[in-house]
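When the letters of the sequence shown are read in order and numbered with the UniProt record's numbering, they come out as residues 1 to 142.
Cβ coordinates follow ideal geometry from the N, Cα and C atoms, glycine included.
The model shown is predicted, which means the values in this text are computed figures rather than measured ones.
To start, the structure under review is shown below, and the notes come after it.
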Amino acid sequence: MIKKIIAVCIISSFIIACKKEGNKGILKSDSTNTTNTEVLADNGAIDSTIAYNTDINGNKTIKTDYVYKATDKSLVKVVFNYDPKNRTVSITNNKKTFVLEKSEAKVNETIYKKDDMTATVKGDSLIINQGNNVIELVKTKI
1 MIKKIIAVCI
11 ISSFIIACKK
21 EGNKGILKSD
31 STNTTNTEVL
41 ADNGAIDSTI
51 AYNTDINGNK
61 TIKTDYVYKA
71 TDKSLVKVVF
81 NYDPKNRTVS
91 ITNNKKTFVL
101 EKSEAKVNET
111 IYKKDDMTAT
121 VKGDSLIINQ
131 GNNVIELVKT
141 KI
């Protein structure tokens, strides 16, 4: 009988200790890392998928990355940087990255340019024009 009482006391004290300290395996999110922003998506509405990313030094940036698929089925990584000081799109394929700066924004489309390359974003499609070449990309759900 005494062994059962001791076992119950040990188990109950363990449960109480766990409740006080919480589960240390769960990381608490820092609410300062994400804030509601009013960055507009290409359709003119507030884009709810955008949040601040904070680096090691505490610098905040607004970036989202997607995977697009070309008509030849190749995959392309596209990173949109919505930082007001540096609005760009980075397009990566075959270990090459092209960074284009935002030049124009309309209600349903955004245009990025660098040299002779132009990227037009309309909804889930991204159309790249370079010289006489036109590359059509569609956002995937991988």
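Nearest neighbour of residue i, chosen from the options [CA to CA]
i	options	result
Asn133	Asp116, Lys141 and Gly123	Asp116
Thr88	Thr118, Lys69 and Val138	Thr118
Leu75	Asn94, Ser103, Ile111 and Asn108	Asn94
Phe80	Tyr66, Ala70 and Gly123	Tyr66
Lys85	Val107, Lys102 and Asp124	Lys102
DSSP-derived helix/strand/coil call for residue i
i	result
Lys96	strand
Ser90	strand
Thr140	coil
Thr64	strand
Tyr82	coil
Val107	coil
Gly22	Below a pLDDT of 50, predicted positions are generally treated as unreliable, and Gly22, at 46, falls in that range; the measurement from the model is reported next regardless. Residue state, collapsed to three classes: coil.
Counted within 10 angstroms of its Cβ, other Cβ atoms place residue i as buried (16 or more) or exposed
i	result
Val121	buried
Val138	exposed
Ile56	exposed
Gly25	Per-residue confidence for Gly25 stands at a pLDDT of 40, beneath the threshold of 50, marking its modelled position as unreliable; no derived number is given.
Cys110	Sequence check: residue 110 is Thr here, not Cys. That one is buried.
Endpoints, the beta strand (DSSP E) within which residue i is located
i	result
Ile56	Where Ile56 is concerned, there is no enclosing beta strand (DSSP E), given that its DSSP letter is neither H nor E.
Ser74	Taken as a continuous stretch (DSSP letters only), Ser74 belongs to no beta strand (DSSP E), as it is neither H nor E.
Asn129	Ser125 to Gln130
Nearest-angstrom Cβ-Cβ length linking residue i and residue j, presumed shorter than 8 Å
i	j	result
Lys113	Val99	Actually they do not touch by this definition, with Cβ atoms about 11 Å apart.
Lys77	Thr92	4 Å
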